[in-house]
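Engineer:
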Amino acid sequence: MSLLRYRPDFFDSLRAVNLPFDAEVLSSLRAGELISLTGTLYTGRDQTHRRFEALLDSGEPLPIDLRGQLLYYVGPSPAQPGQVIGAAGPTTSYRMDTYTPRLLELGLAATMGKGGRSPQVRQAMEQHQAIYLATFGGAGALLSKCIKEAEVVAFEDAGPEALFRFRVEEFPAVVINDVLGHDFYEMVRQDQS
Amino acid sequence: MRKITFQEIAAAVRQLTMEAGTQLEPDILEALLVARDTEESLLARHVLELFISNADIASREKIPVCQDTGVAVLFVAIGQDVRVEGSLEDALQEGVQRGYVDGYLRKSVCDPLTRVNSGTNTPAVIHYEITSGDKLHISMLPKGCGSENMSGLIMLPPSAGKQGVIDFVVEQAVKAGANPCPPMVVGVGMGGTFEKAAYLAKKSLLRPLAAASPRHDIAALEQEILTEINRRGVGVQGLGGNHTALAVHIESFPTHIASLPVAVNIQCHAHRHKEIVL
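The listed protein sequences correspond, in order, to chains C and F.
Counting from 1, one number per residue, gives the positions in the first sequence under this note's numbering.
Counting from 1001, one number per residue, gives the positions in the second sequence under this note's numbering.
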């Protein structure tokens, strides 16, 4: 079954961006821009972050170098035989807010999930020139088609909350927070009022 | 007495679980199509199209519609002329476990304090009801928690009246923003007691989307709240437009003269629900 028959036209109009980010490209992205990501990213959600924090608190290194990377908030469903990964859409980002400033300090360039971020995270993003992306919640089957390789890097025992490395091709996203401090959700709200 | 065996129940629930995870029901698909065709924002229309494609891929390839395959919530109505051979509770839990494991659905159930995952997605949350007749009716609602977390309950004073109900439900839905994966379905339980309101809010999500409350005044209230939520412009995925909610369902129950409990249970657009009668 060709993937093309499932692809809405939408996918053809997105700005192509490679991962990990080129610093100049990252700075040029603007809130509200639709992008299509190709390259490698890492995943993490609640327990992944809790473990990051425990490692940092005890002075131990993280299992990956976060500098310049995109961290995608996702807990995929298990792959069936012959599949790269199961459904893999975004989880809600605010639950990671408490951990995020510390990771941005370590050089994490971008995060991706769904829903708004706290004032503290937005401030830390501006300070460290990082961005936040949203992808489409409840489209996990379709998004799984953009994931070409998936490998557990750490915390395998955490099941869906393990740290994965994904190689993605043309993975769609919307820029919510850019390096200038714009917030697309806020822009939408202001536009409506 | 009509006999139903443990194995019959477990096998049926296993099948129900697997199908619920990968197939959207016609009512929600229809609602997404109508939303796409009446959406004013081009971006939102594109995203709705993407959700429709997603449902198509999920159902053809048996991939979960959403990776959050939920905590399994079951509404079980057992006819008083049914006799179950073996434990009904165990049969239901076993069916859920087998469905999540065999269906490659995500196991998301953990201890609230230690956060240790049970690995089987059990225990399911099961609500029982005893009815007349000799049938066993099982409704399955795999409930994702991005939306569940945006739910809320308030014990209003009766003086708050209808406007108090409207204000609370609209605020609860709108302040959730993009978190619960709008366009959402808003389940409301009104009246009863603290726990009855929450139960009714969840149960209201089982009603087919296009069906209004049989009570005319409540059907009008559902429409009024839906219109107000959609007027506020959160839109599909918080990206703007005129579809923040697909439907508002209100289930009402008589309450105390001192009380007006209102519970809001938010459901995402990947509104999975299935039922079976044994």
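All residues carry an ideal CB built from backbone N, CA and C; glycine is no exception.
Measure how close the beta-carbons of C:T98 and C:Y73 come, nearest whole angstrom, since I'm counting them as under 8 Å.
Structural biologist: Taking the first sequence and counting its residues from 1, the one referred to as residue 98 of chain C is at position 98. Taking the first sequence and counting its residues from 1, the one referred to as residue 73 of chain C is at position 73. 13 Å between Cβ atoms; not a contact.
Engineer: Here's a check: name, in chain order, each residue in its chain whose Cβ is nearer than 7 Å to the Cβ of F:C1268, leaving out the five neighbours to either side.
Structural biologist: To locate residue 1268 of chain F, count along the second sequence from 1; it is residue 268. If we look at F:C1268 and ignore the five residues flanking it on each side, its Cβ neighbours are G1144, G1146, S1147, P1180, C1181, M1184.
Engineer: Answer yes or no: does any C-beta atom of chain C fall closer than 8 Å to that of F:G1070?
Structural biologist: Taking the first residue of the second sequence as position 1, residue 1070 of chain F is located at position 70. For F:G1070, the answer is no, since every Cβ of chain C falls outside 8 Å of its Cβ.
Engineer: Assuming contact is defined by CB atoms lying nearer than 8 Å, are F:R1272 and F:L1043 in contact in what I supplied?
Structural biologist: As a working mapping, residue 1272 of chain F is identified with position 272 in the second sequence. As a working mapping, residue 1043 of chain F is identified with position 43 in the second sequence. Cβ distance not < 8 Å, so F:R1272 and F:L1043 don't count as in contact.
Engineer: Could you compute how far the alpha carbon of C:L3 sits from the alpha carbon of C:G137?
Structural biologist: On the first sequence, residue 3 of chain C is found 3 positions in, with the first residue counted as 1. On the first sequence, residue 137 of chain C is found 137 positions in, with the first residue counted as 1. For C:L3, the predicted structure reports a pLDDT of 41, less than 50, and the residue's modelled location is therefore unreliable. A value from the coordinates is still provided. Roughly 20 Å separates the two Cα atoms.
Engineer: Taking the straight line between their C-alpha atoms, what separation do you get for C:P61 and C:L55?
Structural biologist: Numbered from 1 along the first sequence, position 61 holds the residue referred to as residue 61 of chain C. Numbered from 1 along the first sequence, position 55 holds the residue referred to as residue 55 of chain C. Approximately 7 Å between the Cα atoms of the pair.
Engineer: Any chance the segment 1025 to 1033 of chain F sits against the segment 160 to 170 of chain C, with 3 or more Cβ pairs inside 8 Å?
Structural biologist: No contact exists between the segment 1025 to 1033 of chain F and the segment 160 to 170 of chain C.
Engineer: Using 10 angstroms around the beta-carbon of F:A1176, count the other beta-carbons present and answer buried if the total reaches 16, otherwise exposed.
Structural biologist: Counting from 1 along the second sequence, the entry for residue 1176 of chain F is found at position 176. Counting Cβ neighbours within 10 Å, F:A1176 comes out buried, since at least 16 surround it.
Engineer: For a contact meaning CB atoms closer than 7 Å, what does C:D191 contact in chain F?
Structural biologist: Looking up residue 191 of chain C in the first sequence gives position 191. In chain order: G1240.
Engineer: Helix, strand or coil for F:G1070, going by three-state DSSP, please let me know.
Structural biologist: Locating residue 1070 of chain F in the second sequence gives position 70, counting from the first residue. Of the three classes helix, strand and coil, the one that applies to F:G1070 here is coil, per DSSP.
Engineer: At a CB distance below 9 Å, what residues from the segment 1055 to 1088 of chain F approach chain C? Give them in sequence order.
Structural biologist: If the cut-off is 9 Å between Cβ atoms, the segment 1055 to 1088 of chain F has A1055, D1056, I1057, A1058, S1059, R1060, E1061, K1062, I1063, P1064, V1065, C1066, Q1067, D1068, T1069 near chain C.
Engineer: So F:Q1067 packs on C:A173, CB below 8 Å; how close in whole Å?
Structural biologist: Here the question's residue 1067 of chain F lines up with position 67 in the second sequence. Here the question's residue 173 of chain C lines up with position 173 in the first sequence. Contact doesn't hold; Cβ gap of about 16 Å is too wide.
Engineer: Would you mind sorting C:E151 into buried or exposed? The rule is 16 or more other CB atoms within 10 Å of its CB.
Structural biologist: For the purposes of this step, residue 151 of chain C is identified with residue 151 of the first sequence, where counting begins at 1. Classification of C:E151: exposed, given that the 10 Å Cβ count is below 16.
Engineer: Under a three-way DSSP split, which group does C:R15 fall into?
Structural biologist: Taking the first sequence and counting its residues from 1, the one referred to as residue 15 of chain C is at position 15. Looking at C:R15 - three-state DSSP - the assignment turns out to be strand.
Engineer: Going by alpha carbons, who is nearest to F:M1001 out of F:V1065, F:D1134, F:I1138, F:I1057?
Structural biologist: Indexing the second sequence from 1 puts residue 1001 of chain F at position 1. Nearest option by C-alpha distance: F:D1134.
Engineer: Just to check my reading of the structure: F:V1084 and F:H1127 have Cβ atoms closer than 8 Å, yes? What is that Cβ distance to the nearest angstrom?
Structural biologist: One-based indexing of the second sequence puts residue 1084 of chain F at position 84. One-based indexing of the second sequence puts residue 1127 of chain F at position 127. Contact flag wrong, Cβ pair sits at about 17 Å.
Engineer: Around the Cβ of F:A1258, are there at least 16 other Cβ atoms within 10 angstroms (buried) or fewer (exposed)?
Structural biologist: For this step, residue 1258 of chain F is matched to residue 258 along the second sequence. It counts as exposed.
Engineer: Give a yes or no on whether 8 Å exceeds the smallest Cβ distance from C:K148 to chain F.
Structural biologist: As a working note, residue 148 of chain C is residue 148 in the first sequence. Output row for C:K148: interface = no.
Engineer: Just to confirm my understanding: we take F:E1089, look at its own chain, exclude 5 residues before and 5 after, and list those with CB closer than 8 Å. What are they?
Structural biologist: Here residue 1089 of chain F refers to the residue found at position 89 when the second sequence is read from its first residue. For F:E1089, where only same-chain residues beyond five positions count, the Cβ hits under 8 Å are I1126.
Engineer: Let's test the definition: count the other Cβ atoms within 10 Å of the Cβ of F:I1138 and tell me whether it reaches 16, buried, or not, exposed.
Structural biologist: The count along the second sequence starts at 1 and reaches residue 1138 of chain F at position 138. Buried, since its Cβ has 16 or more Cβ neighbours within 10 Å.
Engineer: What is the C-beta distance between F:G1191 and F:S1041, in whole angstroms, given that I count them as a contact (C-beta under 8 Å)?
Structural biologist: Here residue 1191 of chain F is taken as the residue at index 191 of the second sequence, counted from 1. Here residue 1041 of chain F is taken as the residue at index 41 of the second sequence, counted from 1. Actually they do not touch by this definition, with Cβ atoms about 36 Å apart.
Engineer: First and last residue of the alpha helix (DSSP H) that includes F:R1036?
Structural biologist: Against the second sequence, residue 1036 of chain F aligns to sequence position 36. 1026 to 1038 is the span of the alpha helix (DSSP H), which, as asked, contains F:R1036.
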